[in-house]
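Numbering (the working numbering), first residue to last: 167 to 512.
All C-beta atoms, glycine included, are put in the ideal place defined by N, C-alpha and C.
In this text the structure is predicted, and so the values were computed from the model without any measurement.
Here is the structure we will look at.
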């Protein structure tokens, strides 16, 4: 009986969506530990925790934010490829406020409101105008960085406001950015899993037409999700801007939309919509950031980084795919020894 219970527990863990992304993250961390024995070491300096793992968590914070928003959008069979451009706009506006002598609360508010406005634009195009999500968000993806360039005057804005810089570089034992990501993730969990919104999202992702007959206002739900995604991208822009003490419209948030999509898929959320996994997305974001750190530590050329990342992600997605699991089950069944007593009883 105990053996059966252990087998059942193992099967539940094996079939859980978070199992493979978490396993992949652990394997990647072990690889880094083998290559660099001090990789997992954490030390205390000046009352702060330092180490490679702390640095990964810190750098993953903006990615976690936009990945959570991306997860909700993808769950409704949508996508938002404009989050990188929204980050650029948010960073440009926040930096402009600081450079012009504005207060930190004003800079933060402007950054968040810019993300809110971008989310409203995307949500309006997709949910009310009926534009395909890829096309609707492609508009802001292309125009967004141009808007950011206009805001900064084509220059890289730099600043030295200690209070604003604290958002991206400050520590309260751990980096402040980690706490921001954690608080947002908890709010998202309560909002999605402790209210009917999560059920509405999954229902829309499975069958949008049926939701209308069930009384679910799918347009409003989808609109709100794009707004949430925009706001989270705006917050990520503030963190990145304050971290590098500047606003570079060309490079800030570059390719982060792809990392967010990859983190969502690795976390177990299907691109076809339906069920989604916020915890899996967080693990997926940590995996992507750890992979990025690993690639850089190995001295891989920047132009090859995306190729290496794509290959690893493809392998992970194949491993966690239902078809791959079915193949493993078939092989295990074929190799399983036949019990003579059971045959005789039959």
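Inter-residue Cα distance where the pair is residue i and residue j
i           : j           : result
residue 203 : residue 460 : 14 Å
residue 205 : residue 195 : 8 Å
residue 488 : residue 281 : 36 Å
residue 509 : residue 192 : Because the pLDDT of residue 509 is 42, which lies under 50, any placement of that residue in the model is unreliable, and the question is left without a value.
residue 457 : residue 463 : 10 Å
residue 339 : residue 214 : 5 Å
residue 236 : residue 424 : 10 Å
residue 427 : residue 209 : 33 Å
residue 293 : residue 353 : 24 Å
residue 341 : residue 220 : 8 Å
residue 259 : residue 230 : 22 Å
residue 201 : residue 437 : 34 Å
residue 485 : residue 239 : 24 Å
residue 298 : residue 190 : 33 Å
residue 187 : residue 316 : 40 Å
residue 274 : residue 401 : 8 Å
residue 357 : residue 351 : 10 Å
residue 277 : residue 323 : 15 Å
residue 348 : residue 279 : 21 Å
residue 520 : residue 212 : The chain is shown from 167 up to 512; residue 520 falls before or after that span and cannot be answered.
DSSP three-state assignment for residue i, whether helix, strand or coil
i           : result
residue 437 : coil
residue 205 : coil
residue 324 : strand
residue 290 : helix
residue 257 : helix
residue 316 : helix
residue 412 : strand
residue 158 : The chain is shown from 167 up to 512; residue 158 falls before or after that span and cannot be answered.
residue 443 : coil
residue 113 : As displayed, the chain neither begins before 167 nor continues past 512, which places residue 113 out of reach and without an answer.
residue 504 : Low confidence applies to residue 504: its pLDDT is 49, below 50, so where it sits in the model is not reliable, and the reading given next is rough at best. DSSP places residue 504 in coil when its eight states are reduced to three.
residue 244 : coil
residue 217 : strand
residue 211 : strand
residue 464 : coil
residue 383 : coil
residue 311 : helix
residue 455 : helix
residue 360 : coil
residue 185 : helix
Status (buried if at least 16 other CB within 10 Å, exposed otherwise) for residue i
i           : result
residue 373 : exposed
residue 359 : exposed
residue 493 : exposed
residue 197 : exposed
residue 362 : exposed
residue 468 : exposed
residue 287 : buried
residue 326 : exposed
residue 318 : buried
residue 375 : exposed
residue 573 : The structure shown does not extend to residue 573, since the chain spans only 167 to 512, so no value can be given for it.
residue 481 : exposed
residue 477 : exposed
residue 465 : exposed
Beta-carbon proximity list for residue i, same chain, < 7 Å, skipping 5 on both sides
i           : result
residue 242 : 367, 370, 371, 388, 391 and 439
residue 405 : 227, 228, 333, 334, 343 and 346
residue 328 : none
residue 331 : 408 and 411
residue 183 : 434, 443 and 446
residue 513 : The structure shown does not extend to residue 513, since the chain spans only 167 to 512, so no value can be given for it.
residue 207 : 217
residue 336 : 342
residue 393 : 282, 285, 286 and 289
residue 264 : 273, 325, 327 and 330
residue 364 : 358
residue 355 : 444
residue 479 : 428 and 432
Proximal residues to residue i (C-beta, below 8 Å), its chain only, five neighbours per side dropped
i           : result
residue 157 : The structure shown has nothing for residue 157, since the chain only spans 167 to 512.
residue 222 : 452, 455, 456 and 459
residue 199 : 205 and 206
residue 306 : 248, 251, 252, 284, 287 and 288
residue 483 : 431 and 432
residue 385 : 293 and 294
residue 234 : 350, 351, 354, 398, 444, 447 and 448
Beta-carbon proximity list for residue i, same chain, < 6 Å, skipping 5 on both sides
i           : result
residue 303 : 246, 247, 248 and 288
residue 218 : 205
residue 399 : 232, 249, 252, 253 and 281
residue 291 : 297 and 302
residue 320 : none
Cβ-heavy atom distance, residue i to the ligand NAD, below 8 Å
i           : result
residue 301 : Here there are no bound small molecules, and the ligand NAD is not part of this structure.
Check whether the stretch 379 to 390 touches the stretch 245 to 259, taking contact to mean three or more Cβ pairs, one atom from each stretch, closer than 8 Å. A contact between stretches requires three or more CB pairs, one per stretch, nearer than 8 Å, and the stretch 379 to 390 fails this requirement with the stretch 245 to 259.
Touching by the beta-carbon criterion (3+ pairs, under 8 Å), the stretch 306 to 323 and the stretch 414 to 432: Here the stretch 306 to 323 lies against the stretch 414 to 432, with 3 or more beta-carbon pairs under 8 Å apart.
Taking 8 Å as the cut-off, does the stretch 258 to 277 touch the stretch 461 to 474 (at least 3 CB pairs, one atom from each stretch)? Below 8 Å, too few C-beta pairs join the stretch 461 to 474 and the stretch 258 to 277 to call them touching: fewer than three.
Is there contact between the stretch 417 to 431 and the stretch 447 to 457, where contact requires at least three CB pairs shorter than 8 Å? The answer is yes - the stretch 447 to 457 touches the stretch 417 to 431, with three or more Cβ pairs under 8 Å.
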